[in-house]
Amino acid sequence: MNHFGYKQDQLFCEETSVEEVARAVGTPFYLYSCRTLQHHFRVFDSAFAEVPHITCFAVKANSNTAILRLFVREGGGMDLVSGGELYRALKAGVDPAKVVYSGVGKRDDEIDYALQTGILMFNVESEQELERINARAQRLGIRAGVGLRVNPDVDPQTHPHISTGLRENKFGIDGEGSLAAYRRAAGMKHLDVKGVSCHIGSQVTKISPFIDALARLKELVRQLRSGGIAIRYLDLGGGLGITYNQETPPPPADYARAIIGAAREMECTFIFEPGRVIVGNAGILVSRVLYTKENGGKKFIIVDAGMNDLIRPSLYGSFQHIQPVTRRERAEITADVVGPICESGDFLAKGRTIPAVVRDDLLAVMSAGAYGFSMSSNYNSRPRVPEVLVRDDGFTVIRKRESYDDLIHGEEIPDFLQR
Ligand SMILES: *Cc1c(COP(=O)(O)O)cnc(C)c1O
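Under the working numbering, think of the first position of the sequence shown as -13, with each following residue one higher.
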């Protein structure tokens, strides 16, 4: 369920006309629906109401501080993968006791920052990282909460680039090595071994990989507890998929039902790290048609948003539904929807059949709320686009369009080139 739909022939986000926002802020821009964000968070979080849990929103999916604040207001925690994300989460007012920090490459300064903040735990991805965190915590005279991110070796049956729970991935510690790693961790004075975690991949559209992963983790927790290591948190990661096209991912309630039986008897607090399932269908990217042309019998629609604004189609070949902001009686055409970037890989859709468009028409790229703006860049020296949050019939620019000055912020021409 989301709050994007047509009224007469105009696309609306809640009670706000998308075209009106375009007139006010120019194109391209990201547009998010507050009601949809809230709804998705509540549906997910309440599905697990029966068991102690923390819903830690995966900040990398959408890192805008206003969006993060919205989840903080809903009682959410955060899942981070960098010091920069911790900074954002704190700016948004998150309770550090609801923060977990994942990622294979944590630097000392990032570890220190998280330690000083007092986060719940690090999801540790290697034995060397355990030693680093122990050493940094010792320096600060504190104990660090840790869990190990184990690799349950389950195939999430998703795109290889977003599959993370197989043995040969760079993530986590493999199943066999994890017991030894836990024993070492338990012997380190400045670590408080609290949890077990995993994250098997993203855009997972079946429940079975999660069930398999939980079964492996459950067995590990049993072994650890019988070895005297008091595991109190079980972090199942994120990864629940959404509908971009024809996928039929399980609703959070089904996912929860499959997990809760096993969860109840484990006597621990569950942590979930949803990203895409909360924000994905709560945002769109709005772009204007610049030109249309035909090359070698192939039709192209050239729009003012490119792969620097939304990289998912170029990076993963992923499908994003594209629809007109104003519906008109037009014959359908099949065309590539491409951006202005000087790369052949710069496209939003290939061979897409949509109603014909003309210059200045607005197109909405749907399901762009996750890994959209947060993966955007300044490539081709394109200022990053604004982010707009709609609530009912009003909207707020929650990140303004970058200026040309923003593009060169921090750059300096050295003295020897001044002459
Ligand atoms: C990316 C990531 C998530 C969120 O994944 P989604 O597919 O967006 O739910 C959660 N946990 C970790 C460790 C991640 O790297």
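Beta carbons: idealized from backbone N, C-alpha and C, even for Gly.
Is the distance from the Cβ of residue 182 to the Cβ of residue 132 below 8 Å?
-> As a position in the sequence shown, residue 182 is number 196, starting the count at 1. As a position in the sequence shown, residue 132 is number 146, starting the count at 1. With respect to the 8 Å criterion, residue 182 and residue 132 are not classified as neighbours on the basis of their beta carbons.
Return helix, strand or coil for residue 101, following the three-state DSSP convention.
-> Your numbering for residue 101 matches position 115 in the sequence shown. Helix, per DSSP.
Spatially closest choice to residue 317 from 342, 14, 275, 73, by CA coordinates | Counting from one through the sequence shown, the residue named residue 317 turns up at place 331. Answer by Cα proximity: 342.
Where does the unbroken beta strand (DSSP E) through residue 130 begin, and where does it stop?
-> Here residue 130 refers to the residue found at position 144 of the sequence shown. That run of the beta strand (DSSP E) goes 130 to 137.
What are the boundary residues of the beta strand (DSSP E) that includes residue 280?
-> Indexing the sequence shown from 1 puts residue 280 at position 294. 269 to 281 is the extent of the beta strand (DSSP E) around residue 280.
Taking 7 Å as the cut-off, is the CB of residue 124 close to at least one heavy atom of ligand 1?
-> Walking along the sequence shown from the start, residue 124 turns up at place 138. Here the distance from the Cβ of residue 124 to the nearest heavy atom of ligand 1 is not below 7 Å.
If you count every other CB in all the chains shown that lies within 10 Å of the CB of residue 392, and 16 or more means buried, which is it?
-> To locate residue 392, count along the sequence shown from 1; it is residue 406. The residue is exposed, with fewer than 16 neighbouring Cβ atoms inside 10 Å.
CB residue 331 to CB residue 362, shorter than 8 Å?
-> One-based indexing of the sequence shown puts residue 331 at position 345. One-based indexing of the sequence shown puts residue 362 at position 376. Taking C-beta atoms as the reference points, residue 331 and residue 362 fail to come closer than 8 Å.
Cα-Cα separation between residue 375 and residue 23, rounded to whole angstroms = Counting from one through the sequence shown, the residue named residue 375 turns up at place 389. Counting from one through the sequence shown, the residue named residue 23 turns up at place 37. The straight-line gap from Cα to Cα measures roughly 10 Å.
Taking 7 Å as the cut-off, does the CB of residue 46 come closer than this to any heavy atom belonging to ligand 1?
-> What you label residue 46 is simply residue 60 of the sequence shown in a count that begins at 1. At least one heavy atom of ligand 1 is nearer than 7 Å to the Cβ of residue 46, so yes.
Range of the contiguous beta strand (DSSP E) that encloses residue 335 = On the sequence shown, position 349 is the one that residue 335 refers to. Per DSSP, the continuous beta strand (DSSP E) segment holding residue 335 begins and ends at 333 to 341.
Roughly how many whole angstroms lie between the Cα atoms of residue 266 and residue 206?
-> Within the sequence shown, numbered from 1, the residue matching residue 266 stands at position 280. Within the sequence shown, numbered from 1, the residue matching residue 206 stands at position 220. Counting only the Cα atoms, residue 206 lies some 32 Å from residue 266.
Looking at the structure shown, is residue 412 part of a helix, part of a strand, or coil, going by DSSP?
-> No information on residue 412 is available, as it lies outside the stretch -13 to 405 that the chain covers here.
Residue 65: beta carbon under 7 Å from a heavy atom of ligand 1?
-> Your numbering for residue 65 matches position 79 in the sequence shown. Taken from the Cβ of residue 65, at least one heavy atom of ligand 1 lies inside 7 Å.
Taking residue 323 as the reference, which of 286, 3, 177 has the closest Cα?
-> For the purposes of this step, residue 323 is taken as residue 337 along the sequence shown, with counting starting at 1. Of 286, 3, 177, the residue nearest in Cα terms is 286.
Alpha carbon to alpha carbon, how far is residue 335 from residue 325? Give it in angstroms, no decimals.
-> One-based indexing of the sequence shown puts residue 325 at position 339. One-based indexing of the sequence shown puts residue 335 at position 349. Whole-angstrom Cα-Cα distance: 10 Å.
Between which two residues does the beta strand (DSSP E) carrying residue 24 extend?
-> As a position in the sequence shown, residue 24 is number 38, starting the count at 1. Segment 20 to 33 is the alpha helix (DSSP H) holding residue 24; no beta strand (DSSP E) there.
Span of the beta strand (DSSP E) holding residue 73?
-> Numbered from its first residue, the sequence shown carries residue 73 at position 87. No beta strand (DSSP E) contains residue 73, which is instead part of the alpha helix (DSSP H) from 69 to 77.
Which of the three DSSP states, helix, strand or coil, is assigned to residue 88?
-> Position 102 of the sequence shown, counted from the first residue, corresponds to residue 88. Coil, per DSSP.
Does DSSP classify residue 161 as helix, strand or coil?
-> The sequence position of residue 161 within the sequence shown is 175, counting from 1. Helix.
Which residue or residues does DSSP assign as beta-bridge partners of residue 218?
-> Stepping through the sequence shown from its first residue, residue 218 is reached at position 232. Its beta-bridge partners do not exist; DSSP assigns none.
C-beta contact flag for residue 2 and residue 381 at 8 Å = One-based indexing of the sequence shown puts residue 2 at position 16. One-based indexing of the sequence shown puts residue 381 at position 395. The answer is yes: Cβ separation under 8 Å.
Is any heavy atom in ligand 1 found nearer than 7 Å to the beta carbon of residue 71?
-> What you label residue 71 is simply residue 85 of the sequence shown in a count that begins at 1. Flag unset: Cβ of residue 71 not near ligand 1.
Specify, as a first and last residue, the run of the beta strand (DSSP E) that residue 40 falls within.
-> As a position in the sequence shown, residue 40 is number 54, starting the count at 1. Taken as a continuous stretch (DSSP letters only), the beta strand (DSSP E) holding residue 40 covers 39 to 44.
Leaving out five residues before and five after residue 126 in sequence, what residues of the same chain have Cβ atoms less than 6 Å from its Cβ?
-> Residue mapping note: residue 126 aligns to position 140 of the sequence shown, counting from 1. Result list for residue 126: 101, in chain order.
For the beta strand (DSSP E) containing residue 377, list its first residue and its last residue.
-> Translated into positions along the sequence shown, residue 377 becomes position 391. 373 to 377 is the span of the beta strand (DSSP E), which, as asked, contains residue 377.
Ends of the beta strand (DSSP E) at residue 183?
-> Along the sequence shown, read from residue 1 onward, the residue named residue 183 stands at position 197. Here the beta strand (DSSP E) through residue 183 covers 177 to 183.
Residue 382 lies in the beta strand (DSSP E); which residues open and close that run?
-> Position 396 of the sequence shown, counted from the start, is the residue given in the question as residue 382. That run of the beta strand (DSSP E) goes 380 to 385.
Beta-carbon proximity check, residue 355 vs residue 155, cutoff 8 Å | Numbered from its first residue, the sequence shown carries residue 355 at position 369. Numbered from its first residue, the sequence shown carries residue 155 at position 169. Residue 355 places its beta carbon 8 Å or farther from that of residue 155.
For residue 338, collect the residues of the same chain with a Cβ closer than 8 Å to its Cβ; drop the 5 residues on either side in sequence, then sort them by chain order.
-> Taking the first residue of the sequence shown as position 1, residue 338 is located at position 352. The answer, listed in chain order, is 308, 320, 321, 322, 323.
Whole angstroms is fine: what's the gap from residue 238's alpha carbon to residue 26's?
-> Along the sequence shown, one-based indexing puts residue 238 at 252. Along the sequence shown, one-based indexing puts residue 26 at 40. Straight through space, the alpha carbons of residue 26 and residue 238 are spaced by roughly 9 Å.
Give the straight-line distance between the Cα atoms of residue 408 and residue 305, rounded to the nearest whole angstrom.
-> Here the chain has residues from -13 to 405 only, and residue 408 is not among them.
Secondary structure of residue 80, DSSP reduced to three states = Position 94 of the sequence shown, counted from the start, is the residue given in the question as residue 80. Here residue 80 sits in coil by DSSP.
Give the C-beta separation of residue 78 and residue 58 to the nearest angstrom, bearing in mind that I take them to be a contact with Cβ-Cβ under 8 Å.
-> One-based indexing of the sequence shown puts residue 78 at position 92. One-based indexing of the sequence shown puts residue 58 at position 72. With 8 Å as the limit, residue 78 and residue 58 qualify as a contact, their Cβ atoms being about 5 Å apart.
If we ignore side chains and look at the alpha-carbon of each, how far apart do residue 66 and residue 80 end up?
-> Your numbering for residue 66 matches position 80 in the sequence shown. Your numbering for residue 80 matches position 94 in the sequence shown. About 12 Å.
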